[in-house]
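For what it's worth, UniProt numbering labels the leading residue of the sequence shown as 1, then goes sequentially.
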Amino acid sequence: MSKAYFTKHLSDPCSFKISFRLHFFQNLSFLFISYREKEEGHQLHQEAWERHQCRKELRSKNQNAQEGRPEEAFFSRLDSSLKKNTAFVKKLRTLTEQQRDSLSNDFASLNLSKYIGEAVSSVVEAKLKISDVGCAVHLCSLFHQRYAEFAPLLLQAWKKHFEARKEDKAPNVSKLRTDLRFIAELTIVGLFTDKEGLSLIYEQLKNIIGTDRETHTHVSVVISFCKHCGDDIAGLVPRKVKLAAEKFGLTFPPSEIISTEKQQPFLNLLREYFTSLTKHLKKDHRELQNIERQNRRILHSKGELSEDRHKQYEEFATSYQKLLANTQSLADLLDENMPELPQDKTVQEEHGPGIDIFTPGKPGEYDLEGGIWEDEDARNFYENLVDLKAFVPAILFKDNEKSSQGKDKDDTKDGREGKDGASTTEELELELEALDITDEPLELEGSDEVENEELAKKLLDEQEQEDEEANTGSHLKLIVDAFIQQLPNCVNRDLIDKAAMDFCMNMNTKSNRRKLVRALFTVPRQRLDLLPFYSRLVATLHPCMSDVAEDLCSMLKGDFRFHMRKKDQINIETKNKTVRFIGELAKFKMFSKTDTLYCLKMLLSDFTHHHIEMACTLLETCGRFLFRSPDSHLRTSVLLEQMMRKKQAQHLDARYVTMVENAYYYCNPPPMEKTVKKRRPPLQEYIRKLLYKDLSKVTTEKVLRQMRKLPWQDPEVKSYLICCMVNIWNVKYNSIHCVANLLAGLVAYQEDVGIHVVDGVLEDIRLGMEVNQPKFNQRRISSAKFLGELYNYRMVESAVIFRTLFSFISFGVNLDGSPSPLDPPEHLFRIRLVCTLLDTCGQYFDRGSSKRKLDCFLIYFQRYIWWKKSVDVWTKDHPFPIDIDYMISDTLELLRPKMRISCSLEEATKQVTELEREVLVKLECPLTSCGTFFPQEGSENEEEEREEEEEENTDYLTDSNKENETDEENNEVTIRGGGLKHVACAEDEDFIQALDKMMLENLQQRSGEAVKVHQLDVAIPLQLKSQLKKGGSGQPCLGEGDADISDTMQFVMLTRKGNKQQYKILNVPLSSHLAANHFNQQQAEQEERMRMKKLTLDINERQEQEDYQEMMQSLAQRPAPANTNRERRPRYQHPKGAPNADLIFKTGGR
């Protein structure tokens, strides 16, 4: 750095330090890049010399192989066994570079004299990779150095192989690439003679290139050949090698193996192939630009691209990029320059405002406010014309060549006039001030002579036309007449383009063109709407028949001069039609800008009466186009200022003043303060891009991964993300479910985000009901839709949905008919909110208490609808909106197709009263307030809400149990006390886990103990049981059942008399110790059985719940598809479930 540099930054130490560091790192990066390039150059140099030396040595050995081949005595010492030789030949079919040493050793010990033919076939048919070619060449050299017949057989086998491949319509590109390099390497190392090897290589390369001049599907084969063998076969020096040699002074090995004369045909062939490849690349480049341009037009007109068209574009772009990369590689290997691929200059103009989808993030340069055209449709109308030359044969407009030459001369003249017109502002103002001094109107020089000439020309033309019509058949005359009659019906772009093509194809004669010009010129003065389409017709026909535009423009000029000279105050519509036609033709560049400005100049010279209207009409038609065009901007601005000065100097009528000001400000609108775009930090812009632009059905997982990478420890970032999710109205309506899906996946990692978003959405819904302004309607619809999607993804409970639904029909509603500012009688937007919410998530309220709640709500909703319909606002002249009726019917048809619909307010009120009565009867409450009962927000049945919350928390765990319930259980209403609500915490989970662990250990410990059955009771014979039953005791004895209800307990005493057992029944009173102790023992055993039964069932149920929760947790880690999480299917019951406890513990009846 120089002394001046230090002196400059010495006053600011901080700036100097930053600048010094910047220069240091720039120099360091430059040194690093230079060092890396030098390393790559030296590596190329080393590899080139190693390859050259290896090939040269091997070529020398192969060429002198005849002198060093062994004699017959040498082969007798080698192994000639059939097993080893055939095994070696088989290995040649699958040889790889890793087998080089082992195959060389095997070859040295084997006598393959009788297996040369099999070895040749194996080598030719071997499926080699590019990296295995070196090993194959090495083995072939060993064969050639020992066996003289190997090389001729190998050459013959290759020729047969290539002859057989010619018949293959779809050859294997990989095999072709490997074979071409293989024979090239064999020729280089001297296994084949130069004449035989080079001719074989040239023939194969010529066949490959000859069949691939159009499609270039085998370009990789040519690139591989040039990369590995091009230096010796064709004398190629890649550009990378040449640059390294020049930059670092390296000397690369010369191509001396094959002479230059023999290399020249290969070089010519490769350059010819590169030329065809560049043509193909240019063609694909143009087609790709055309496809992109068409896609932009479709995107701007329709808003989206079809999947087929988008897929077609991606496939074509991929093939083009591949072709471009191959062309660059081949250009580097051949040391050729890449062709110029011009960029489409009209991309930004055709694209218009917005963001380019093909280059994301690049804003368009087309300014809507300062552009030439008012909008994109106008630009397309005036600039995108049909190219008739692409559809019409050239024979149909061959007589246009002479006129086109004359047109070129006119264009040159217009260019000179444009340059003359681009004079300084001072000269133009002086010229126009001279007009102010001389208040006489300007006349064209020699107007009388011109008029006489034109009159004579018209007479001659009419005579020629009559002669041609006499010679022309009547059939074509009828076609032309019908065409001219149909022209006023061409009132859109497609029809007028079709008419232009029809005229050019079927009616292109000189007389018909003149007839068309007269028809266009004599357009009715009331049909000013046809002038833009007629001008487009002229512009479309101009490339094929320029005389149409020239004749029409000359006729309009003559008509304009006629009105300027006449100075009458009649026929203002005809005058406006003429100047409007001139303006439309000027926008299509058929009427030159110089002539248009001259017409305006003539009107300003006599700025009175009709001339004022004509000038304003001309400016309103093409003034903006002239003012915004660079070549006419200066003259137009001067004329506009002149017009405003004349308005100030003359005392014009108020109507004229308004017309002049409107025309001026249309051409040059006053500067307006542009809305300043809010600047946000890059991270916030990225968050908005992910949510509002990138998020879609197919990118949800990608956006979720990006969201997880955000700095969540920063509270500002977290709050901004929550705010963006709450502001759901910024997202496309069809993508709202994607945000809910994203939030459901994000909650697994950031739990508090879901709570804040749900709170924000509920708060926004409540705020919308409190403010009730129409400008927030779209926002409220989006929030209601988002809330429903949050329920679909299990972010909120059904109680929240029903509370919101009831708030829509109850908050701020006065059923007595008094107006409410929160819900005026004529406002129906809350009905739309209810339908939106129900359409989103109502389909999942189809079972259990949610189904009953929805049925209850729909009854109240019908009463709300009929209350709205019964308001006096709706009359026959102003009926109830039919779209609201259709929306309600669609929603009810979707949710409850068989529901009975109320037909009046009285019927709806009656249904509400019956419903309230049924509920109050079930609750066993007095029917006192049913007449005024309405489900106000907060006063709803809170007990049912709590029941619903608990049901929602466990509905997916107990679906199978719910299906086994009876209808009576489903219809029961449970009243719960308003005690403290249990809040789950981490300590409860730890306690449950510890308890389960302790019980499991206890069960495992007790399961290992031997179970000893105490024989307290002895089985009683059957005959004795019958005696007990006949004795009037309905209860079994002690050993078989419970004790008797009476004051005595029956015992059976067993005695033995001799060898026979005798039984005696004893009735022992309960007051005795024997009966009392036995009864207590029986009761204790029964209680122990019941306790163990309950404990076993609880453990089994808890284990099932834990397994299901683990499964749901694993499923929640990836975003679930929409609407599938709410399916109520019975959970699979494992066959190894809880055993039959009644059978084990004997608690059931026999």
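Heads up, the beta-carbon is just placed ideally off N, CA and C, and yes, glycines get one too. Note that this is a predicted model, so its numbers are computed, not measured.
Item                                                                                                            : Value
Inter-residue Cα distance where the pair is V189 and L198                                                       : 12 Å
Where Y1108 falls: helix, strand or coil (DSSP)                                                                 : helix
Rounded separation between N1002 and D1107 - CA only                                                            : 21 Å
Selected residue, minimal CA-CA separation from P879, among F607, N380, E826, Q1105                             : E826
Helix, strand or coil at I1065 according to DSSP, with G and I counted as helix                                 : strand
Local conformation of T217 per DSSP, three classes                                                              : coil
C-alpha distance - I736 paired with L710, whole-angstrom precision                                              : 21 Å
Alpha helix (DSSP H) segments (min. 4 residues) lying fully within the stretch 258-341                          : 260-302, 307-334
Beta-carbon proximity check, E185 vs V237, cutoff 8 Å                                                           : no
Beta-carbon separation (whole angstroms), T636 vs L597, contact threshold 8 Å                                   : 7 Å
N668 beta carbon near the ligand GDP (any heavy atom closer than 7 Å)                                           : Ligands in the displayed structure: none, and consequently the ligand GDP is not present.
Coarse secondary structure for D967, derived from DSSP in three states                                          : With a pLDDT of 37 at D967, under the threshold of 50, the modelled position of this residue cannot be trusted, and the question is left open.
Exposure of Y115, with buried meaning 16 or more beta-carbon neighbours within 10 Å                             : buried
T522 classed as buried or exposed, judged by whether at least 16 other C-beta atoms fall within 10 angstroms    : exposed
Beta-carbon separation (whole angstroms), I765 vs A784, contact threshold 8 Å                                   : 7 Å
Distance CB(F75)-CB(S113) smaller than 8 Å                                                                      : yes
Short CB-CB distance (under 8 Å) between V796 and chain D                                                       : The structure shown has no chain D; it contains just one protein chain.
Integer-rounded CB distance, given that V757 should sit under 8 Å from M725                                     : 5 Å
Top-ranked residue by Cα proximity to T327, from S276, T1048, Y656                                              : S276
Helix, strand or coil at R679 [DSSP, three-state]                                                               : coil
Cα-Cα separation between L585 and L530, rounded to whole angstroms                                              : 12 Å
For V758, the three-state DSSP class (helix, strand or coil)                                                    : helix
Buried/exposed call for A234, threshold 16 Cβ in 10 Å                                                           : buried
S546 to S592 span [Cα, whole Å]                                                                                 : 14 Å
Alpha-carbon to alpha-carbon, N727 and S904                                                                     : 39 Å
G978 - DSSP class collapsed to helix/strand/coil                                                                : Low per-residue confidence applies at G978: pLDDT is 41, beneath 50, and the placement is therefore not dependable enough to give any value.
Backbone CA spacing between V747 and E673 [nearest angstrom]                                                    : 44 Å
Bridge partner(s) assigned by DSSP for D79                                                                      : L110
DSSP-derived helix/strand/coil call for T94                                                                     : coil
Nearest-angstrom Cα separation, counted from T875 out to Y860                                                   : 24 Å
Bridge partner(s) assigned by DSSP for M1053                                                                    : K1064
Spatial neighbours of W373 in its chain, beta-carbon cut-off 6 Å, leaving aside the 5 residues before and after : R379
Beta-bridge pairing of T1048 - partner residues as DSSP gives them                                              : P1069
Helix, strand or coil at L894 according to DSSP, with G and I counted as helix                                  : helix
Segment limits, alpha helix (DSSP H) that includes N777                                                         : 777-792
Rounded C-alpha distance that separates L691 from R779                                                          : 17 Å
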